[in-house]
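To keep things clear, I will list the structure first and then write my remarks on it.
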Amino acid sequence: MLVSLDDLYNDHILDHFESPYHKGHCPGATCQHSDRNPICGDQLSLEVRLGDDQRIEEAWFDGKGCAISQAAASILCEAIEGKTLEQLKEFGARDMLDLIKVPLTASRQKCGLLGFKILKTMLYASEHQPAAEEMASSNAR
Amino acid sequence: MADLSDDATWRTIRAEFPILDQTLRTGKKLVYLDTAATAQKPNRVVDCIRQCYERDNSNVHRGIHELGDRMTTLLEDAREQVRELLGAREVEEIVFTSGTTMSLNLVAHGWGRKFLRAGDVVLLNEMEHHANLVPWYEAAKATGAEIRHIPLTTDGRLDMDQLDTVLDRQVKLVAVTAMSNVLGTINPVAELARRAHDVGALIAVDGAQSVPHGMTDVTRDQIDFLAFSGHKFYGPTGVGVLYGRRELLEAMDPFLFGGHMIREVTRDSATWADLPAKFEAGTGPFIQAAGLGAAIAYIKQIGMEPIMAYEHELARYAGERLAEVPELTILGPAWPDRGAIFSFVVEGVHPHDLSDLLDRQGVAIRAGHHCTMPLHDRLGLAASARASLAFYNNREEVDSLVEAILAARRVFRR
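Protein chains in written order, with numbering that gives the first Met the number 0: chain A, 0 to 140; chain B, 0 to 413.
Here you go:
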């Protein structure tokens, strides 16, 4: 099998990397969480504003890292807006990798799933630890 | 002694590393430039290990039978090979461990936690690998000792002009790498040893990168402790070495307790075996140690001096070629004061993306912080890309690296 340079770094990834969707801070964020990939030092934070109907009104990310981790975070933010928390419970790693579209090797999946992992941790914390949620939301302000 | 500048000789030696001659999933030929992470193994080493498992395997220092004798002889011959390689006086000063990390932990635990006191200082620096930082942080925490750093120059050397500002009689140990795994900087360990001894301090040297690529002489250079890994010395994984001066090793406490390291065990106490067994609890990596012995014999046959000369010249070429790449910055000092390790950043291309794009062209490098987060923090970088060379690489492979970097840049400049 021959692999070309364009297989991974196609327009889909590079467009999101160069012109990311919602990179920066989320106005009126209600939840935020950040993490870093200890292997490569990439860091990413995710901020979302939940509506009264438990629907994600806006999702923003910020961070530094490789094209895959940053593009995937942009793709993630675009995909989860408008979704309810219930809908996001069904959203799995496989779905995230499908959204990225390009095949990732095991080592690059860590990059592609960094934002997804942060989202899942944030949602878990907000559901299971009300105190943590308050802390997270006060940090976001 | 081999003349590596002779192409036919070089090709014969290269052919001893069959792993280097392969085509990858991309259809590209492998260009292996990640020796600083782990070196490839010559046939001689692989054959030695296979023979041990097929013919000689038996636990060492135990069975009174032929296989036990054979395997013990192979292990102890390897220890003698290491002693000679390092220029140590006595074979009992050579302790087999699992690798550099284990060796440095052994010193930080067995010596550091026993002899450091509140107010003492361990002198480190920001170019050290985490394995020569974190064990000292923990030893300092346990004893109340303090950590200090030797300042670095902007081009990534120890600032020896400022050594006096940090090296005083409070310092009990200087822990330093002989060659940076990121910057390629070759540190003046003999001078550091002399200056440390002048104030009554010891020196512990991380030789993981230096021992496979340079001459080591712990006696001439008055090194107190030195650690290195087998797998970076063209040998097997799972084995490493701690050299320690006899009186220091004798004064230290064991790090691990159990079989083989004891002299006598009663119902509630034990006494320790003589060196080096005192630090070799449990069944050690004896076949790997035999493999390391084979690797040392192999390198000795080629000759460390021709290897150093060849790698030095290849490093000069690589430095020149990399400098041709627009917006590429090499970290660390300029040639000739460096080893054949090149960490670099390319403006606009994250090291992970660069490494991935190089992989697609067959070129294997490393990307990340290379276990040196304090150094990368100082450089203002989260990560860098690193190409590291050995005598089994050649100029064509350096050319492949440069072409692959140029192609990777084009992907991000659509």
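Don't be surprised by glycine CBs; every beta carbon is placed ideally from N, CA and C.
- Contact between Glu310 (chain B) and His375 (chain B) is absent: CB atoms are separated by about 25 Å, not below the 8 Å threshold.
- Around the beta carbon of Pro350 (chain B), 16 or more other beta carbons sit within 10 angstroms, so the residue counts as buried.
- For secondary structure counted as the alpha helix (DSSP H) over 4 or more consecutive residues, the segment 212–282 of chain B holds these complete runs in sequence order: 245–250.
- The residues Glu56, in chain order, have a CB closer than 8 Å to that of Gly50 (chain A) in the same chain once the five nearest residues on each side in sequence are set aside.
- Burial is judged here by how many other beta carbons sit within 10 angstroms of a residue's own beta carbon; His127 (chain A) has fewer than 16 and is exposed.
- Neighbours of Val217 (chain B) across chain A, judged by C-beta separation under 9 Å, do not exist; the nearest C-beta is about 34 Å away.
- In the three-state DSSP reduction, Cys47 (chain B) falls in the helix class (H, G or I).
- Ile202 (chain B) carries a strand assignment under DSSP once its states are collapsed to helix, strand and coil.
- The segment 63–77 of chain B and the segment 213–225 of chain B do not touch, with fewer than 3 CB-CB distances between them shorter than 8 Å.
- Here Ala250 (chain B) is exposed: its Cβ has fewer than 16 other Cβ atoms, across all protein chains shown, within 10 Å.
- Closest in C-alpha terms to Ala381 (chain B), from the list B:Arg337, B:Thr328, B:Phe390 and B:His368, comes B:His368.
- Residue pairing by DSSP places Thr96 (chain B) opposite B:Gly239 in a beta bridge.
- By the neighbour-count criterion, in which 16 or more other beta carbons inside 10 Å mark a residue as buried, Lys113 (chain B) falls on the exposed side.
- Taking one beta carbon from each stretch, the segment 46–55 of chain B and the segment 255–273 of chain B have fewer than 3 pairs nearer than 8 Å; the two do not touch.
- The alpha-carbon of Gly239 (chain B) is positioned some 13 Å away from that of Arg82 (chain B).
- Close partners of Asp33 (chain B) in chain A (Cβ separation under 7 Å) are lacking, with about 13 Å as the shortest Cβ gap.
- The beta carbon of Glu79 (chain B) sits closer than 6 Å to those of Val90, all from its chain and outside the five residues before and after it, given in chain order.
- In the DSSP secondary-structure assignment, Gln42 (chain A) is bridged to A:Arg35 and A:Lys63.
- For the segment 336–349 of chain B, the beta-carbon criterion of a distance under 8 Å to any beta-carbon of chain A is satisfied by His349.
- For His60 (chain B), there is no enclosing beta strand (DSSP E), as DSSP marks it with neither H nor E.
- The three-state reading of DSSP puts Ala389 (chain B) in coil, since its state is none of H, G, I, E or B.
- For Thr328 (chain B), the enclosing beta strand (DSSP E) starts and ends at Leu327 to Ile329.
- Taking 9 Å as the CB threshold, Asp197 (chain B) stays off the interface with chain A.
- In its chain, beyond the 5 residues on either side, Ala130 have a beta carbon closer than 6 Å to the beta carbon of Thr100 (chain B).
- In summary, Ser4 (chain B) is exposed, with fewer than 16 beta-carbon neighbours lying within 10 Å of its beta-carbon over all protein chains present.
- Scanning B:Ser228, B:Leu191, B:His60 and B:Leu321 for the CA closest to the CA of Ile404 (chain B) turns up B:Leu321.
- Collapsing the DSSP output to three states places Val348 (chain B) in a strand.
- In the three-state reduction of the DSSP assignment, Ala174 (chain B) falls in the strand class, which pools E and B.
- Residue pairing of Arg337 (chain B) in beta bridges, as defined by DSSP: B:Thr184.
- Between Leu49 (chain A) and chain B, the shortest Cβ-Cβ separation is not below 9 Å.
- Residue environment: Val264 (chain B) is assigned as exposed (fewer than 16 neighbouring CB atoms within 10 Å of its CB, all protein chains considered).
- Note: Asn104 (chain B) is not bridge-paired with any residue in the DSSP secondary-structure output.
- The Cβ-Cβ distance between Ile99 (chain A) and Leu87 (chain A) does not fall below 9 Å.
- Straight through space, the alpha carbons of Tyr297 (chain B) and Ala308 (chain B) are spaced by roughly 17 Å.
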